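Everything below concerns the one structure shown next.
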Amino acid sequence: MELVTKPSPFEGLGYILTSLRNVIFEHVSDIISKIKSPVELTVEENAKLRQWFTKEVIGESIKQSLKLLTNLSYTVSEYDDEIWGRVYEIIVHMDAKQALELELRLAETFPGVPIVVKWTGEINVSEDELADYLVKIMMKSHLRAKALLGFDAVRFVREERED
Amino acid sequence: MAYVDTNIVIAYYFREDPNHRKAAKVVEVLRKEGKEMIISPLTLTELHSIFSRRSGTYALPPRIRAIAYEKLKIYIC
Numbered sequence: 001m002e003l004v005t006k007p008s009p010f011e012g013l014g015y016i017l018t019s020l021r022n023v024i025f026e027h028v029s030d031i032i033s034k035i036k037s038p039v040e041l042t043v044e045e046n047a048k049l050r051q052w053f054t055k056e057v058i059g060e061s062i063k064q065s066l067k068l069l070t071n072l073s074y075t076v077s078e079y080d081d082e083i084w085g086r087v088y089e090i091i092v093h094m095d096a097k098q099a100l101e102l103e104l105r106l107a108e109t110f111p112g113v114p115i116v117v118k119w120t121g122e123i124n125v126s127e128d129e130l131a132d133y134l135v136k137i138m139m140k141s142h143l144r145a146k147a148l149l150g151f152d153a154v155r156f157v158r159e160e161r162e163d
Numbered sequence: 164m165a166y167v168d169t170n171i172v173i174a175y176y177f178r179e180d181p182n183h184r185k186a187a188k189v190v191e192v193l194r195k196e197g198k199e200m201i202i203s204p205l206t207l208t209e210l211h212s213i214f215s216r217r218s219g220t221y222a223l224p225p226r227i228r229a230i231a232y233e234k235l236k237i238y239i240c
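For the protein sequence lines, the chains are F and B, in the order given. In terms of the working numbering, the first sequence is residues 1 to 163. In terms of the working numbering, the second sequence is residues 164 to 240.
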């Protein structure tokens with residue numbers, strides 16, 4: 001006589017969960033391969049994608065943020081810099097202190113994005129205060145000076161000491 | 164306590180410097196060992212001199228460049 005064992009409801013559930021997991025894994029691996037594919041874009045395609053992203057997404061986000069951060073009037077313009085990429089230049093009708101505070105907020109919100117805030121109002125910060133603001137903005141924006149081709153600290157210091 | 168020479172300060176700051184990785188390693192080791200890093204007034208003088216004389220070898224972020232340009236305009240006026 002053949003012994004037939006019926007699977008318990010829990011074993012059945014386990015089987016369903018395993019199948020479900022396998023299906024999910026299959027989909028995830030499919031999605032991951034799709035995510036990986038943009039890396040295989042050509043340099044030109046990648047540059048175009050990046051350009052679209054910076055222009056359409058970041059530019060629009062900066063404008064939206066400005067609406068929230070200030071009630072005073074401003075103009076936003078953009079230009080492409082050979083080294084820094086898309087640069088956003090904002091001219092605000094406020095004094096220097098207000099403008100630098102605004103720039104600090106923008107630097108916090110958009111780290112890595114080159115933003116320049118210029119003001120039309122009075123310069124009501126001392127040189128030391130201006131330097132402090134610039135250091136804070138640089139720290140928040142994560143932008144630092146870039147060495148160009150041929151830059152060599154060891155050589156520069158050696159030549160400085162030989163002079 | 165460790166005296167950090169000018170070339171390490173500069174190479175550490177500029178990621179594009181040929182010795183950046185070495186400088187970063189030195190700083191990392193000193194940090195891990197809990198050593199206080201010091202510079203001298205000579206380092207500050209050398210930094211000022213090198214950055215003034217070699218301004219064509221590095222690019223300032225647009226924010227700083229804009230201020231430098233504005234200041235220059237004031238001095239020219």
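Beta carbons: idealized from backbone N, C-alpha and C, even for Gly. Only a predicted model underlies this, so the values are computations on that prediction, with no experimental measurement involved.
State buried or exposed for residue i, treating a residue as buried only when at least 16 other CB atoms are found within 10 Å of its CB.
{"i": "I201/B", "result": "exposed"}
{"i": "V57/F", "result": "exposed"}
{"i": "V135/F", "result": "exposed"}
Taking 6 Å as the limit between beta carbons, can you name the residues of its chain near residue i, skipping five residues before and five after?
{"i": "A107/F", "result": "I137, K140 and S141"}
{"i": "I115/F", "result": "Y88 and L106"}
{"i": "L72/F", "result": "H93 and M94"}
{"i": "I90/F", "result": "Y74, V76 and V117"}
Considering only the alpha carbon of each residue, which of the options lies closest to residue i?
{"i": "D168/B", "options": "K195/B, P224/B and T208/B", "result": "T208/B"}
{"i": "G85/F", "options": "L130/F, R144/F, Q51/F and V125/F", "result": "Q51/F"}
{"i": "K97/F", "options": "G150/F, V117/F, R158/F and E60/F", "result": "V117/F"}
{"i": "R105/F", "options": "D95/F, L68/F, E78/F and S73/F", "result": "L68/F"}
{"i": "Y88/F", "options": "E103/F, M94/F and D95/F", "result": "E103/F"}
{"i": "K63/F", "options": "F110/F, E44/F and R155/F", "result": "F110/F"}
{"i": "V157/F", "options": "G197/B, V190/B, E196/B and L210/B", "result": "L210/B"}
{"i": "R155/F", "options": "M164/B, A165/B, D180/B and Y176/B", "result": "D180/B"}
{"i": "E167/F", "options": "S218/B, I230/B, I213/B and L223/B", "result": "Nothing in the structure corresponds to residue 167/F, since chain F is present only between 1 and 163."}
{"i": "A174/B", "options": "E159/F, L66/F and D152/F", "result": "D152/F"}
Along chain F, which residues have their Cβ under 9 Å away from the Cβ of residue i?
{"i": "Y221/B", "result": "A145, K146, A147, L148 and F151"}
Starting from residue i, find everything on chain B with Cβ-Cβ shorter than 9 Å and list it in chain order.
{"i": "M138/F", "result": "P224, R226 and I227"}
{"i": "R125/F", "result": "Before going on, a small fix: residue 125/F reads as Val here, not Arg. By Cβ distance, chain B contributes nothing, its closest Cβ being about 11 Å from V125/F, past 9 Å."}
{"i": "P114/F", "result": "P224, P225 and R226"}
If I measure Cβ to Cβ from residue i and keep anything under 8 Å in the same chain, skipping five residues before and after, which residues do I get?
{"i": "R178/B", "result": "none"}
Show which residues of chain B have a CB atom less than 8 Å away from the CB atom of residue i.
{"i": "E129/F", "result": "Chain B residues near E129/F: none, gap ~13 Å exceeds 8 Å."}
{"i": "V92/F", "result": "Those do not exist, as V92/F stays about 13 Å from chain B at its closest Cβ, beyond 8 Å."}
What residues from chain B crowd round residue i, counting only those whose CB sits closer than 7 Å?
{"i": "E160/F", "result": "E209, S212 and I213"}
Report the neighbours of residue i on chain F: residues whose CB is nearer than 7 Å to its CB, in chain order.
{"i": "E179/B", "result": "K146, A147 and F151"}
Using a C-beta to C-beta distance shorter than 8 Å, which residues of chain F count as neighbours of residue i?
{"i": "Y176/B", "result": "R144 and A145"}
query: Of all the residues that make up the region 202-219 of chain B, which are near chain F by a beta-carbon distance shorter than 7 Å?
result: Those residues of the region 202-219 of chain B that come within reach of chain F (Cβ to Cβ, closer than 7 Å) are E209, S212, I213 and R217.
- prompt: Relative to chain B, which residues along the region 39-69 of chain F have a C-beta separation below 9 Å, given in chain order?
  reply: The residues in question: there are none.
message: At a CB distance below 7 Å, what residues from the region 72-86 of chain F approach chain B? Give them in sequence order.
response: For chain B, the residues of the region 72-86 of chain F that bring a beta carbon within less than 7 Å of one of its beta carbons are D81, I83 and W84, in chain order.
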